[in-house]
Amino acid sequence: MSEINESVIEAPLKALLEDVLFSLEGYLEGQNDLKMIENQLKDYDTLVGLVKIIGNVFKTLMKKVDKKMNQLKMNINDNSSYRSHHPEEEYEKLEQIIQKHEAEIRGHISVRVSIVIQD
Numbered sequence: 013m014s015e016i017n018e019s020v021i022e023a024p025l026k027a028l029l030e031d032v033l034f035s036l037e038g039y040l041e042g043q044n045d046l047k048m049i050e051n052q053l054k055d056y057d058t059l060v061g062l063v064k065i066i067g068n069v070f071k072t073l074m075k076k077v078d079k080k081m082n083q084l085k086m087n088i089n090d091n092s093s094y095r096s097h098h099p100e101e102e103y104e105k106l107e108q109i110i111q112k113h114e115a116e117i118r119g120h121i122s123v124r125v126s127i128v129i130q131d
């Protein structure tokens with residue numbers, strides 16, 4: 013009876029692990045993570061062993077998710093601090109371009125005026 017219960021429980025646990033791995037696939041760092049998980053899954057003998065492996069895999073993946081989330085938060089903070097200074101820099105560049113064009117226009121106007129006066 014115990015073996016029947018274990019086999020009934022084992023299949024859903026494997027399916028759960030597969031779903032977790034599929035959902036968090038983007039957080040795995042290359043083939044090393046997959047090989048580690050595969051090796052752990054080969055080593056279990058009992059249902060308790062499978063549950064421990066699932067727990068370890070889940071903890072490892074959650075650490076990777078937390079690490080990735082922290083990296084994303086840092087990137088967002090870096091980008092937002094850059095953006096806060098960026099409009100001021102952009103404004104200054106545009107102001108310089110406008111001043112340059114105004115000077116060119118004034119130069120053209122003075123040339124035209126001098127041509128008209130000479131005629």
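In my numbering, the protein residues as written are 13 to 131. We put the beta carbon where it would ideally sit given N, CA and C, even for glycine.
| query | result |
| --- | --- |
| Out of Ile49, Leu33, Leu25 and Arg118, state which residue places its alpha-carbon closest to the alpha-carbon of Val60. | Leu25 |
| If Gln52 and Val69 are in contact, beta carbons under 8 Å, what's the gap, nearest whole angstrom? | 7 Å |
| Just checking: is the beta-carbon of Lys75 within a distance shorter than 8 Å of some beta-carbon in chain C? | Protein chain content of the structure displayed is limited to a single chain, and chain C is not contained in it. |
| Whose C-alpha, out of Ile117, Gly38, Pro99 and Glu22, is nearest the C-alpha of Val77? | Gly38 |
| Would you kindly work out how many angstroms separate the C-alpha atoms of Gln111 and Glu41, rounded to a whole number? | 52 Å |
| For the alpha helix (DSSP H) containing Asp45, list its first residue and its last residue. | Gly42 to Lys54 |
| Measure from the alpha carbon of Glu22 to the alpha carbon of each residue in Phe34, Asn44, Ser35 and Ile65, then state which is nearest. | Ile65 |
| Does Leu29 come out as helix, strand or coil in the three-state DSSP assignment? | helix |
| Going by beta-carbon coordinates alone, are Leu73 and Leu46 separated by less than 8 Å? | no |
| How many angstroms separate the CA atom of Lys105 from the CA atom of Ser122? | 26 Å |
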